[in-house]
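J.: Under the numbering used here, the sequence shown has 356 at position 212, and the numbering climbs by one with no breaks.
Glycine included, C-beta positions come from ideal geometry on N, C-alpha and C.
Attaching a single structure in structure tokens format; questions to follow.
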Amino acid sequence: MVSLKRISVFVLLAALLLMLFVGNASARVEIFNGTITEGDGYQINNYVIDVTDVFVEANTAVFKIYERDELINDKMFDRNESITFDFEDGEMQLKLLSVSSGVLPVAKILITVSDYNIGNIYTSGDINGGHEYATYSGTPILEITKTVDKNSIMVGDSVKVTITAVNTGNDDATDVIFTNPMQESFILTDTFVEPASTTSLDVGELKTIYVYMLKATEAGTYSFKPTTAKFSNVADQKFPPATSNTPTVTVTAPEVAEIPKKTAVLELSTDVDNVAIARNDLITATVHLKNTGDASANSIWLEMVVPEDMEYVSGDDAIEVISGVPKIYMDSFGLQQEKEFSYTLKANTLGTYTLITKLSYEYNNGVDTENQKVSTESVTNNIYVQKGKYDDLYEQPIYVYILPIVAIAAIGAWIYHRHKQYKF
Numbered sequence: 145m146v147s148l149k150r151i152s153v154f155v156l157l158a159a160l161l162l163m164l165f166v167g168n169a170s171a172r173v174e175i176f177n178g179t180i181t182e183g184d185g186y187q188i189n190n191y192v193i194d195v196t197d198v199f200v201e202a203n204t205a206v207f208k209i210y211e212r213d214e215l216i217n218d219k220m221f222d223r224n225e226s227i228t229f230d231f232e233d234g235e236m237q238l239k240l241l242s243v244s245s246g247v248l249p250v251a252k253i254l255i256t257v258s259d260y261n262i263g264n265i266y267t268s269g270d271i272n273g274g275h276e277y278a279t280y281s282g283t284p285i286l287e288i289t290k291t292v293d294k295n296s297i298m299v300g301d302s303v304k305v306t307i308t309a310v311n312t313g314n315d316d317a318t319d320v321i322f323t324n325p326m327q328e329s330f331i332l333t334d335t336f337v338e339p340a341s342t343t344s345l346d347v348g349e350l351k352t353i354y355v356y357m358l359k360a361t362e363a364g365t366y367s368f369k370p371t372t373a374k375f376s377n378v379a380d381q382k383f384p385p386a387t388s389n390t391p392t393v394t395v396t397a398p399e400v401a402e403i404p405k406k407t408a409v410l411e412l413s414t415d416v417d418n419v420a421i422a423r424n425d426l427i428t429a430t431v432h433l434k435n436t437g438d439a440s441a442n443s444i445w446l447e448m449v450v451p452e453d454m455e456y457v458s459g460d461d462a463i464e465v466i467s468g469v470p471k472i473y474m475d476s477f478g479l480q481q482e483k484e485f486s487y488t489l490k491a492n493t494l495g496t497y498t499l500i501t502k503l504s505y506e507y508n509n510g511v512d513t514e515n516q517k518v519s520t521e522s523v524t525n526n527i528y529v530q531k532g533k534y535d536d537l538y539e540q541p542i543y544v545y546i547l548p549i550v551a552i553a554a555i556g557a558w559i560y561h562r563h564k565q566y567k568f
């Protein structure tokens, strides 16, 4: 129930405010209530009401109404007579209240407006001599043009920027303030012309506002930021800012000769002295290494991978067995340098094998700050480990060998025994 009452009060207040607003919008507002001497006028914005003749005996006066220099009404008024005419976006009413004599005859008039925001009245008051001596306000129109002397330059070159403004409107532009933002990727090197904090442009006047030089610092295509201007007219009415065009400048970086990159190319191969060997025989492997590139190699590692069923026996002095793996380390390997390393393995088990040699190294290509890293490997042809000459004998059960030996030993013992018997 309380909420309903609150809503009702709110709706009532809103309705009252709406009625008040509508009433004010359509109400007639007094602008002037006073006397004007014959031959003078009264100005409201760009409208002037001239009192051309006053006839005191007849209680009449003649009024001429002008919009700028255009006569829009010419009428003789009786006392308390009025006329209504269009005034900008509303209506204006002129009423003759009375006439009287003096040094010169005068007319007392009432001027009111309706359907009009009186805040838009920027000029009002008596005009001695009437409309011919009135100063009218209009609409200044500023056209701002930004030009560049070159549309294509190189990094490090300069471009000349010129900004002009012309007033093509029907009123002077006053209190003109120009804003010209700086352009990214350019630096200001010289300034030849720049405006004061505020300036003005009369109707039809052309002014050079800025002339300056910009130096390009980075390649790219740039649309220059627009120059803007805030301004008013002679009646101190402010207008929306004017904006210039946005010329485009393409900046090209100078060509830089590409530095060729160097490469260390270590060619790796591994050979064996025999591809078919008997079990328990030895095989010798030879690792060949040659730098065919145009850069030295650094931090070189060679790793000889020994098959599980083979045994490392020996190798060159450069080979070091680390954690059971034969390895070679070299600090550097120069251009066209070539080396060979040999090592020997023993074949313990029948089968087919390959020997793998792993290689890793680094080099600097002469361009990049970090070293380039390379890993590769070589693999031999198949190695066949076959049965040896006496492998068949070794493979027989032990009793095959023990029984004949026992028999021979028994026969030998019997013969020896008989020999001793006959000797005696």
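(1) Go to HIS432, then tell me how far its beta strand (DSSP E) extends in each direction, as first and last residue.
(2) Could you tell me the distance, in whole angstroms, from the CA atom of GLU232 to the CA atom of PRO370?
(3) Let me know the secondary structure DSSP gives ALA340 once reduced to three states.
(4) In the DSSP assignment, the beta strand (DSSP E) including ALA422 goes from what residue to what residue?
(5) Report the three-state DSSP secondary structure of ILE500 (helix, strand or coil).
(6) Helix, strand or coil: how does DSSP classify ILE188 here?
(7) With distances taken Cα to Cα, identify the nearest neighbour of MET220 among ASP213, GLU235, ILE193, GLU211.
(8) What do you reckon, are the CB atoms on VAL569 and ILE180 nearer than 8 Å?
(9) Less than 8 Å separating the beta-carbons of ASN203 and LEU254?
(10) For MET145, which residues from the same chain have a beta carbon less than 8 Å from its beta carbon, with the 5 sequence-adjacent residues on both sides left out?
(11) How many angstroms separate the CA atom of ASP425 from the CA atom of GLY495?
(12) With distance defined between alpha-carbon atoms, name the residue in ALA420, THR306, LYS208 nearest to THR352.
(13) Identify whether PRO548 lies in helix, strand or coil by the three-state DSSP scheme.
(14) Roughly how far, in whole angstroms, is the beta-carbon of ASP319 from the beta-carbon of THR342, given that I think they are within contact range, below 8 Å?
(15) Quick check: the Cα distance between THR414 and SER476, rounded to an integer number of angstroms?
(16) What is the residue span of the beta strand (DSSP E) that TYR456 lies within?
(17) Taking the alpha carbon of LEU499 as the point to measure from, which residue in VAL416, VAL200, GLY364, PRO384 has its own alpha carbon closest?
(18) Spell out a yes or no on whether the segment 233 to 247 and the segment 270 to 290 are touching, meaning 3 or more CB-CB pairs, one atom from each, closer than 8 Å.
(19) Taking its Cβ as the centre, do 16 or more other Cβ atoms sit within 10 Å of PRO470, making it buried, or is it exposed?
(20) Which same chain residues, not among the five before or five after LEU350, have their C-beta less than 7 Å away from its C-beta?
(21) List the DSSP bridge partners of ILE297.
(22) In its own chain, which residues sit with a C-beta less than 8 Å from the C-beta of ALA401, not counting the 5 before and 5 after it?
(23) Quick check: what's the CA-CA separation for LEU156 versus LYS239?
(24) Determine the direct distance from the alpha carbon of ARG212 to that of ALA158, and round the result to whole angstroms.
(25) Just to confirm my understanding: we take THR312, look at its own chain, exclude 5 residues before and 5 after, and list those with CB closer than 7 Å. What are they?
(26) Helix, strand or coil: which one does DSSP assign to ASN377?
(27) For a test of the three-state rule: what should DSSP assign to GLY532, helix, strand or coil?
(28) Nearest to THR228 by alpha carbon, out of PHE207, THR493, ILE463, GLY274?
(29) Between ASN442 and GLU362, is the Cβ-Cβ spacing less than 8 Å?
(30) Helix, strand or coil for GLY364? Go by DSSP, reduced to three states.
(31) What residues are listed by DSSP as bridge partners for GLU411?
T.: Taking the structure as given:
(1) In the DSSP assignment, HIS432 falls within the unbroken beta strand (DSSP E) covering 426 to 435.
(2) When rounded, the distance between both Cα atoms is 34 Å.
(3) In the structure shown, ALA340 sits in coil (DSSP, three-state: anything other than H, G, I, E or B).
(4) ALA422 -> beta strand (DSSP E) spans 420 to 422.
(5) Strand, per DSSP.
(6) Under the three-state reduction of DSSP output, ILE188 falls in the strand class.
(7) For the set ASP213, GLU235, ILE193, GLU211, the Cα lying nearest the Cα of MET220 is the one of ILE193.
(8) There is simply no residue 569 to check, as the chain begins at 145 and stops at 568 in what is shown.
(9) Not in contact: ASN203 and LEU254 (Cβ atoms no closer than 8 Å).
(10) Residue placement at MET145 is poorly supported in this model, since its pLDDT is 39, which falls under 50; the coordinates are not used for a value here.
(11) The alpha-carbon atoms of ASP425 and GLY495 are separated by roughly 13 Å.
(12) Closest option to THR352, Cα to Cα, is THR306.
(13) It is helical.
(14) So it is a contact: roughly 5 Å between Cβ atoms.
(15) About 20 Å.
(16) That run of the beta strand (DSSP E) goes 454 to 459.
(17) Ranking the options by Cα distance to LEU499, first place goes to VAL416.
(18) As far as the Cβ criterion goes, the segment 233 to 247 does not touch the segment 270 to 290, which means the pair count is below three.
(19) PRO470 is buried by the Cβ-count criterion.
(20) Residues of the same chain with a CB within less than 7 Å of the CB of LEU350, apart from the 5 flanking positions on each side, are THR308, VAL310 in chain order.
(21) VAL395.
(22) Within its own chain, no residue has a Cβ closer than 8 Å to the Cβ of ALA401 once the five positions on either side in sequence are excluded.
(23) Interpretation of LEU156 is limited by its pLDDT of 46, a score under 50 that renders its predicted location unreliable; no figure is taken from the coordinates.
(24) Residue placement at ALA158 is poorly supported in this model, since its pLDDT is 47, which falls under 50; the coordinates are not used for a value here.
(25) Excluding sequence neighbours, THR312 sits near ILE285, GLU287.
(26) In the structure shown, ASN377 sits in coil (DSSP, three-state: anything other than H, G, I, E or B).
(27) Three-state result, GLY532: coil.
(28) Of the listed residues, the one whose Cα sits closest to THR228 is PHE207.
(29) No, they are not a contact pair.
(30) Correct three-state label for GLY364: strand.
(31) The partner list for GLU411 (beta bridge, DSSP) reads LYS434.
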